Amino acid sequence: MAGSVPELPLPGAPLLLATEEVRLLWSFVHGDIMSAPMRTWLRASLGFCPRHTWAYAVVEIELWESGVGARGGHQPFDVSVLYEDLCREAASRLARGRAWGRRPDAALLPSRPCYLCTQLAAPAREGLAIGYANSNSVALAAEANLARHTRHWCSATLDTWEPLACPACLGRLAGADDGAWLCRLHLAEALRAGRADDADPAARLAAAARRLNRLADRLGAFAESMTAAGPPADAEVETSWIAALGFFAGWRFPAYLAGAAVGEG
Ligand SMILES: [Zn+2]
Ligand SMILES: [Zn+2]
33 MAGSVPELPL
43 PGAPLLLATE
53 EVRLLWSFVH
63 GDIMSAPMRT
73 WLRASLGFCP
83 RHTWAYAVVE
93 IELWESGVGA
103 RGGHQPFDVS
113 VLYEDLCREA
123 ASRLARGRAW
133 GRRPDAALLP
143 SRPCYLCTQL
153 AAPAREGLAI
163 GYANSNSVAL
173 AAEANLARHT
183 RHWCSATLDT
193 WEPLACPACL
203 GRLAGADDGA
213 WLCRLHLAEA
223 LRAGRADDAD
233 PAARLAAAAR
243 RLNRLADRLG
253 AFAESMTAAG
263 PPADAEVETS
273 WIAALGFFAG
283 WRFPAYLAGA
293 AVGEG
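With this note's numbering as the guide, the letters of the sequence shown map in order to residues 33 to 297.
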């Protein structure tokens, strides 16, 4: 499961997002995120699958060309709004603890499938595959696949987020202590395995809930920094979206983009 991150091409090569994935995500960025039934779905599915979690950020960052705030465009605004919500949702699930009779990792698992995957699996509807506002999906996919801005962001902020990254994702489990900030996938795996150092899974889930709430606060500040009157973000706030997506979908993708050393985790 932890290995189900996007297939990674050679370092520096274009990503491998299909035109249809980019078309669907570009439409999603323009409206679906605001719909209440969609938000209910995304809370149940804990966002997208790992591949589409990172693809969603790439599509917004690469293709959104203008905005307010210091950067102007090419920033993960929708991503931050959505993940502030998902971090709070996940925190409240984890804080509730394990219900009687449920598997130990239940709070970390989605109860609905990835929305993008279900859209991709739906039978093709001839004549309806038009990009948002008639956009040229092939050209947008080519642009997104270069991942220029996302790559730069992940590289330039590596020193801030790397210490927060899940050591299991980066193949650095040896020497990691109990307080390591495991991603959702590896935390679920550790709870399922009932590792000897997990004497108190409830305490571990509660600690993860506290961290997610702190992360949600930073994501709120980050989203505000991208508005006209918002104060500028500090380094920790600037990388909060990477930390959030890393928790939900694993960290190998930003590590790959940043050219960080990754072991065989
Ligand atoms: Zn998916
Ligand atoms: Zn991990």
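Glycine residues also receive a C-beta, built at the ideal position from the N, C-alpha and C atoms.
Being a predicted model, the structure only gives us computed values, none of them experimental.
If I'm right that residue i touches residue j with Cβ under 8 Å, what's the distance once you round it to whole angstroms?
{"i": "alanine 200", "j": "histidine 218", "result": "4 Å"}
{"i": "tryptophan 73", "j": "leucine 277", "result": "Not really, about 18 Å apart at Cβ, beyond 8 Å."}
{"i": "proline 136", "j": "proline 233", "result": "6 Å"}
{"i": "phenylalanine 254", "j": "tryptophan 273", "result": "7 Å"}
{"i": "leucine 172", "j": "tryptophan 58", "result": "6 Å"}
{"i": "serine 77", "j": "arginine 144", "result": "4 Å"}
{"i": "arginine 216", "j": "phenylalanine 280", "result": "5 Å"}
{"i": "alanine 122", "j": "leucine 196", "result": "Incorrect: roughly 16 Å between the Cβ atoms, too far for contact."}
{"i": "leucine 202", "j": "alanine 287", "result": "6 Å"}
{"i": "leucine 214", "j": "alanine 222", "result": "6 Å"}
{"i": "serine 169", "j": "valine 54", "result": "6 Å"}
{"i": "glycine 204", "j": "glycine 295", "result": "Note that residue 204 is arginine in the sequence shown here, rather than glycine. Confirmed, Cβ separation roughly 6 Å."}
Based on Cα-Cα distance, which residue from the options lies nearest to residue i?
{"i": "leucine 2", "options": "Arg75, Pro108, Ala176 and Ala275", "result": "Residue coverage of the chain in this structure runs from 33 to 297, which leaves residue 2 outside it and unanswerable."}
{"i": "glutamine 107", "options": "Thr271, Glu194 and Arg224", "result": "Thr271"}
{"i": "arginine 110", "options": "Glu97, Ser143, Asp191 and Ala89", "result": "For clarity, residue 110 is aspartate in the given sequence; the question names arginine instead. Of the candidates Glu97, Ser143, Asp191 and Ala89, the one whose C-alpha sits nearest the C-alpha of aspartate 110 is Ala89."}
{"i": "leucine 251", "options": "Leu237, Ala238 and Asp266", "result": "Asp266"}
{"i": "glutamine 151", "options": "Ala239, Phe60, Ala171 and Gly295", "result": "Phe60"}
{"i": "threonine 182", "options": "Ala293, Leu196, Thr259 and Glu94", "result": "Glu94"}
{"i": "tryptophan 167", "options": "Gly295, Val113 and His62", "result": "Just to set this straight, residue 167 is serine in the shown sequence, not tryptophan. Among Gly295, Val113 and His62, the Cα nearest to that of serine 167 belongs to His62."}
{"i": "leucine 140", "options": "Asn245, Tyr288, Val294 and Leu237", "result": "Leu237"}
{"i": "aspartate 64", "options": "Ala50, Asn245, Arg125 and Val113", "result": "Val113"}
{"i": "glutamate 116", "options": "Ala293, Pro155, Gly295 and Val269", "result": "Val269"}
Any idea what DSSP makes of residue i, helix, strand or coil?
{"i": "valine 61", "result": "helix"}
{"i": "serine 143", "result": "coil"}
{"i": "threonine 271", "result": "coil"}
{"i": "leucine 251", "result": "helix"}
{"i": "asparagine 245", "result": "helix"}
{"i": "glycine 278", "result": "helix"}
{"i": "asparagine 177", "result": "helix"}
{"i": "aspartate 191", "result": "helix"}
{"i": "methionine 258", "result": "coil"}
{"i": "alanine 228", "result": "In this prediction, alanine 228 has a pLDDT of 49, which is less than 50 and means its spatial position is unreliable; what the coordinates show is noted afterwards. Reduced to three states, the DSSP call for alanine 228 is coil."}
{"i": "phenylalanine 285", "result": "helix"}
{"i": "glutamate 152", "result": "The amino acid occupying residue 152 in the given sequence is leucine; glutamate does not appear at that position. Helix at leucine 152."}
{"i": "arginine 204", "result": "coil"}
{"i": "cysteine 215", "result": "coil"}
{"i": "serine 167", "result": "coil"}
{"i": "cysteine 198", "result": "coil"}
{"i": "leucine 47", "result": "coil"}
{"i": "valine 54", "result": "helix"}
{"i": "proline 69", "result": "helix"}
{"i": "arginine 128", "result": "coil"}
{"i": "arginine 75", "result": "helix"}
{"i": "proline 233", "result": "helix"}
{"i": "cysteine 81", "result": "coil"}
{"i": "alanine 265", "result": "coil"}
{"i": "arginine 183", "result": "helix"}
{"i": "alanine 292", "result": "coil"}
### Query
Curious, which full-length alpha helix (DSSP H) runs of at least 4 residues does the segment 87-125 contain?
none
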